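Chains as they are written, first to last, in the UniProt record's numbering: chain A, 1 to 513; chain B, 1 to 807. I have placed the structure first, in the form of structure tokens, so that the comments after it can refer back to it.
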Amino acid sequence: MAEVGEVIEGCRLPVLRRNQDNEDEWPLAEILSVKDISGRKLFYVHYIDFNKRLDEWVTHDRLDLKKIQFPKKEAKTPTKNGLPGSRPGSPEREVPASAQASGKTLPIPVQITLRFNLPKEREAIPGGEPDQPLSSSSCLQPNHRSTKRKVEVVSPATPVPSETAPASVFPQNGSARRALAAQPGRKRKSNCLGTDEDSQDSSDGIPSAPRMTGSLVSDRSHDDIVTRMKNIECIELGRHRLKPWYFSPYPQELTALPVLYLCEFCLKYGKSLKCLQRHLTKCDLRHPPGNEIYRKGTISFFEIDGRKNKSYSQNLCLLAKCFLDHKTLYYDTDPFLFYVMTEYDCKGFHIVGYFSKEKESTEDYNVACILTLPPYQRRGYGKLLIEFSYELSKVEGKTGTPEKPLSDLGLLSYRSYWSQTILEILMGLKSESGERPQITINEISEITSIKKEDVISTLQYLNLINYYKGQYILTLSEDIVDGHERAMLKRLLRIDSKCLHFTPKDWSKRGKW
Amino acid sequence: MSKLSFRARALDAAKPLPIYRGKDMPDLNDCVSINRAVPQMPTGMEKEEESEHHLQRAISAQQVFREKKESMVIPVPEAESNVIYYNRLYKGEFKQPKQFIHIQPFNLDNEQPDYDMDSEDETLLNRLNRKMEIKPLQFEIMIDRLEKASSNQLVTLQEAKLLLNEDDYLIKAVYDYWVRKRKNCRGPSLIPQIKQEKRDGSTNNDPYVAFRRRTEKMQTRKNRKNDEASYEKMLKLRREFSRAITILEMIKRREKTKRELLHLTLEVVEKRYHLGDYGGEILNEVKINRPEKEIYATPATLHNGNHHKVQECKTKHPHHSSLKEEAPDVVRQKKKYPKKPKAETLITPQQPTTETLPVINKSDIKQYDFHSSDEDEFPQVPSPVSEPEEENDPDGPCAFRRRAGCQYFAPRLDQTNHSNDNSELADLDKLRYRHCLTTLTVPRRCIGFARRRIGRGGRVIMDRISTEHDPVLKQLDPEMLNGFSSSSQTVDFSSNFSWTNASNKHCENRLSLSEILSNIRSCRLQCFQPRLLNLQDSDSEECTSRKPGQTVNNKRVSAASVALLNTSRNGISVTGGITEEQFQTHQQQLVQMQRQQLAQLQQKQQSQHSSQQTHPKAQGSSTSDCMSKTLDSASAHFAASAVVSAPVPTRSEVTKEQSTSHSNINGVVQPSGTSKTLYSTNMALSSSPGISTVQLVRTVGHTTTNHLIPALCTSSPQTLPMNNSCLTNAVHLNNVSVVSPVNVHINTRTSAPSPTALKLATVAASMDRVPKVTPSSAISSIARENHEPERLGLNGIAETTVAMEVT
């Protein structure tokens, strides 16, 4: 059994977690970071095979130290110094080591602003691990996963705030962090699934900026330890208090705060309630600062140009990033339109969710990022957003598809929307003159503006497509029909195309963005 | 397991799929394996996440139950919606408008401060509010300004005071508080902001840097070269505009001065009228009283010069005939010019010793020009030289207009008297005052009596006059005269008598060829012919040894002028460009000339004392030399090069010849560059008029700027009137072209390429140390562009005048 002090980044061990059924579970977790708050150690854990949004800081009593697995790979790396944390890290030393491990040269310039603490070296002398807390230094750990991205190898030393020294949270105080060095879960998976083309690509080169075309979807090439960890504890937005799921690049000095206060209407961030109060005396917005293009009942949609209304777009992106993993805010918002869905009450138009859309998409994307804010989730708003996005595509006369990758929730939502939409059409088909109704995939695509591939995948997923007597047929089984009808009964929120006042613009004629 | 021997066809999206429902559903047992034929569509998720526990559970649950089960949803971190103070925070209600909300995206930029006060600030505010009143918004604006004005470096208190429009005590308090707070601040600014990217790329991997610019996308298709070129063009444009502004401002100043002058003059006239000073006696009394104050004696008076001139005009009817117009025989009869009563009366009181300052002259309206206002009336007709004058100027071309700043010398009493005495002299005699026996170099022949004047663009025009001697003169071989030109130059002024006498005789009787020749030999008859180069070499020496007696120089003037005349006449047809070689030799000569001039100057200064009293004119020359000394070699080179390098399409060969002569180059150089030089040009002309005149003519060239003409013109009247009467004609003609530059300009304009002029003007304008000339030159060039020739040409003169006054 290992001591608590030996638990370092990269260790894997079962961690106590309470599931939604209020049952205690001990899923395997990986330690991503360790911090020390007034002598009490906290561990940032990622539950393997669970989504990152469930990652959390835990106390040592939730760790099952008996089953701890130390990161093995690192042990092979030759140790050069037995005194971790006592010497400054040197890129010259780091890089060859990681290059050796990966079997490739690393053209990455190592950015070191802090001292390095090499976990692998500690590991080499597990018994002699000093009690000195890791928080005294920031660790930047080369990535030794041979097949994975080099980009992750060296991450800029971005400090994580610590409550111990609130006055000077930044560099170096109370944060211990390591790069992805050991992320066996991911690595194992990627091994299992074979070589990932994308990661291969990124592993060959210098960490390059994400492509500038396309959406704000992250290509993960900048996925380092900082962005893997949530940095905002809580966001207050209107009546709601949100627990962010992922990292978001709000100003660093605000990440240490227990609560980040956002103006509900302009989404401006403030550090305190007092600031928000003061802000509200000056902010007279009661709706998103765009043009309303849809209104039915209390539901409205506002269109915001990412170029013309930068500050709102950026604030919206920052907020959205808290709940979207595969999104990067690397580039500006200029090439995007933001469609914000609001719900009206006497206080104004409250944001419920939004989706962004490229003004010009080369790949038929009609949605870049899409989000229903957590307080409104599981109430049909997500599907409403999706439906609205396809309504816009219908007006444009195009088929569209959401930009990939989808998140788990995104996949479920889209599949659900596609299924319901397609089933609605199929079941609406009446036989004419006694003949069996029939429809082509293209027709479905045209009617719904759902891209052909998505139609096919949905038909497949629903297991509707079958081969019979030398031709493909669609079969609507009883339970499919029943399930659909039940679901449609619950789906009360629908988009009414008559309420949409939208004229698509030809952005190619307006110059770039 | 599958017995199927065929491969399922690929799914065709365009092919209708029959739909089977419920009981119609066929038994699909054998379909199972075929399902694989439909390509498996990717989910669109990241593979690693696709296998996540909760998702898989949810997916399987959906597939099993066909609807969501509460327990099967993907868990997410909780959100609370119980902010109790919400209603207190978001005050007021918002009524949904009936219309769709439409917003102007740029209306959002109101002037509200970005800084939001926190509770710490509130404490301070409460404290401050005990002493003074400060509103939260006011405080926020202050902090906001301070924050936005400082980057890494905080603004100083001084800057803060400038930045904030508040009470000093309050500023101090807030500033100190802000500095303290800023020091303790964790972030880079008290207004939390998203980290900005840095240009050096160091922030490429910083996860906190967001919303980087998509630089590559911003590239335009324009190529860089184009951009650079247009950038340079813009720069040039800007420079030229600012130059134009300077010029216009100076014009404004000048016009103001002129108006002032007009008013003053009017006032003087009125005063004189009230006093009954119709004859100008009072004015003259006033003027005579002035000299006591003067520092040095001015050799001549304006009035004398003027009256002399007027008389000449009155008595002689100039005959204008232009070779250029191919009508040498056309003689135009000028109008009879009304004589000014004042002029008559003034002769007597005026003494050669009377000294006048140019300043005083200003008050004499009669002599004064109001150029722009006068000439505005002139119709813009491109007509022969004299026409507009005849119509508009009651005094005709002979009317003398005094130039401010010019020195007008008294008539030589002996000369005038003499001519008066010989009252029996017929018109021919007078004619000879202006017309000289002239020979041309090419074709080498004598053309009889002619006079020369400067035409447009500096061309020299010969006005011939027919006399009874013409048949004889035609036989005259120029070779015969060769020996005389040099000798004629050494004749002192006493020869005037003999010359006049000779001419009298000459006119009265038809002389034989031999008689004429002998007359010439004995210098009784003036003869002009092109000077030879070797002769010119001696010019500078002559200059140094020059005596105050002007006759010598006068003769040289005529000689040189004629020489120029002859050659330039030929040159009209010969297009002579200046080669680089020529230019270089010319430059070398310039240097040499400078040296010589210095020597000259020293000599002259020595002789100055003695000459000053007996020959007042020397004063002028010495002064001029002093002036010309101010021109350094660099500027001489510059100006010369400006002149030389200017493309002159019909530059005559003589130009080149003349450029090799060691003459007083200052006269040439300076008009193009400095205002001072204009003055010294005059002086130079008076001291060594021949060469200067020639040089000026050369400078003017054909298409070079016309603003040089004024310089020449201004100088001529002053130089020449008191000299040999024969020259008066030339002067007079010069004057004509000057006084009515309208015509000259009109002519020039139609043909002259303005770019050259513009260029020169720009060059002149760029010379900082001579701002005075800038307007005139620029104006004249601009004028040409604007087709407002007459007026601006005159402005050019006016400007010259002003400049001279100043010096």
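Backbone N, C-alpha and C define an ideal beta-carbon position, used for all residues, glycine too. Please read these numbers as outputs of a predicted model, since none were measured by experiment.
**Asked** Can you name the residues of chain A whose CB is closer than 9 angstroms to the CB of His586(B)?
**Response** Ordered by position in chain A, no residue passes the 9 angstroms Cβ test against His586(B), which lies about 58 angstroms from the chain.
**Prompt:** Does the beta carbon of Leu406(A) sit closer than 8 angstroms to a beta carbon anywhere in chain B?
**Reply:** yes
**Asked** Between which two residues does the beta strand (DSSP E) containing Pro18(B) stretch?
**Response** 17-21
**Message:** Pull the bridge partners of Asn291(A) from the DSSP assignment, please.
**Reply:** Glu303(A)
**Request:** Return no unless some Cβ of chain B is closer than 8 angstroms to the Cβ of Gly290(A).
**Result:** yes
**Item:** Identity of the residues DSSP links to Trp57(A) by a beta bridge
**Value:** Tyr44(A)
**Asked** Any C-beta of chain B sitting closer than 8 angstroms to the C-beta of Arg178(A)?
**Response** Because the pLDDT of Arg178(A) is 38, which lies under 50, any placement of that residue in the model is unreliable, and the question is left without a value.
**Message:** Measuring only the C-alpha atoms, how far is Glu197(B) from Pro249(A)?
**Reply:** 13 angstroms
**Lys41(A) versus Glu78(B): straight-line alpha-carbon distance, rounded** = 24 angstroms
**Request:** Can you tell me the Cβ-Cβ gap for Ser356(A) and Phe388(A), rounded? I've got them flagged as a contact below 8 angstroms.
**Result:** Actually they are not in contact, since the Cβ atoms of Ser356(A) and Phe388(A) sit about 13 angstroms apart, beyond 8 angstroms.
**Per-residue burial, Lys772(B) [other beta carbons within 10 Å of its own, 16 or more giving buried]** = With a pLDDT of 42 at Lys772(B), under the threshold of 50, the modelled position of that residue is not reliable, and no figure is offered here.
**Asked** To the nearest angstrom, how far is it from the Cα of Ile439(A) to the Cα of Ile19(B)?
**Response** 8 angstroms
**Message:** So with CB distances below 7 angstroms, who are the chain A contacts of Ala13(B)?
**Reply:** Thr440, Ile441, Asn442, Lys452
**Asked** Does the pairing of the region 238-254 of chain A with the region 74-93 of chain B give three or more beta-carbon distances under 8 angstroms?
**Response** yes
**Asked** Helix or strand or just coil, what does DSSP make of Gln613(B)?
**Response** Confidence at Gln613(B) is low in this model, with a pLDDT of 45, below 50, so the placement of that residue should be treated as unreliable; the coordinate-derived value is given next. Helix.
**Asked** Which residues in the same chain have their Cβ closer than 7 angstroms to the Cβ of Val352(A), if we skip the five residues on either side of it in sequence?
**Response** Met341, Thr342, Glu343, Thr372, Leu373, Tyr376, Tyr381
**Cβ-Cβ separation, Asp64(A) to Leu13(A) (assumed contact under 8 angstroms), whole Å** = 5 angstroms
**Message:** Less than 6 angstroms between C-beta atoms, sequence neighbours within five positions excluded: which residues of the same chain meet that for Thr399(A)?
**Reply:** Ser445, Ser449, Lys451
**Message:** Could you check whether the Cβ of Lys357(A) sits closer than 8 angstroms to any Cβ belonging to chain B?
**Reply:** no
**Coarse secondary structure for Ala29(A), derived from DSSP in three states** = strand
**Prompt:** Are there three or more Cβ pairs, one per stretch, closer than 8 angstroms when the region 294-305 of chain A is compared with the region 278-286 of chain A?
**Reply:** no
**Nearest to Ile480(A) (by Cα), restricted to the options Ile225(A), Asn51(A), Tyr414(A), Gln420(A)** = Gln420(A)
**Request:** Measure the C-alpha to C-alpha separation of Pro97(B) and Phe265(A) and round it to an integer number of angstroms.
**Result:** 17 angstroms
**Request:** Would you please state the rounded distance, in angstroms, between the beta carbons of Cys275(A) and Val259(A)? I believe it to be under 8 angstroms.
**Result:** With 8 angstroms as the limit, Cys275(A) and Val259(A) do not qualify as a contact, their Cβ atoms being about 11 angstroms apart.
**Message:** Considering only their Cβ atoms, is the gap separating Ala58(B) from Val76(B) smaller than 8 angstroms?
**Reply:** no
**Asked** How do the region 9-24 of chain B and the region 319-333 of chain A stand: do at least 3 beta-carbon pairs fall below 8 angstroms, yes or no?
**Response** no
**Asked** Hey, does Ile473(A) have any beta-carbon neighbour from chain B nearer than 8 angstroms?
**Response** yes
**Asked** Per DSSP, Glu343(A) forms a beta bridge with which residues?
**Response** Ile299(A), His350(A)
**Message:** Which residues does DSSP list as the beta-bridge partners of Val460(B)?
**Reply:** Ile454(B)
**Neighbour-count burial assignment, Pro288(A), 16 or more Cβ in a 10 Å radius** = buried
**Asked** Are the CB atoms of Pro192(B) and Leu254(A) nearer to each other than 8 angstroms?
**Response** yes
**Prompt:** Under a CB-based cut-off of 8 angstroms, is Met142(B) close to chain C?
**Reply:** Of the protein chains in this structure, namely A and B, none is chain C.
**Asked** Does any C-beta atom of chain B lie closer than 8 angstroms to the C-beta of Lys327(A)?
**Response** no
**Item:** Where Glu358(A) sits in the DSSP three-state scheme
**Value:** strand
**Asked** Thinking just about the alpha-carbon of each residue, which of Ala404(B), Ser189(B), Ala450(B), Tyr177(B) is nearest to the one in Gln153(B)?
**Response** Ser189(B)
**Message:** Comparing C-alpha positions only, which one of Met229(A), Pro71(A), Gly483(A) sits nearest to Glu6(A)?
**Reply:** Pro71(A)
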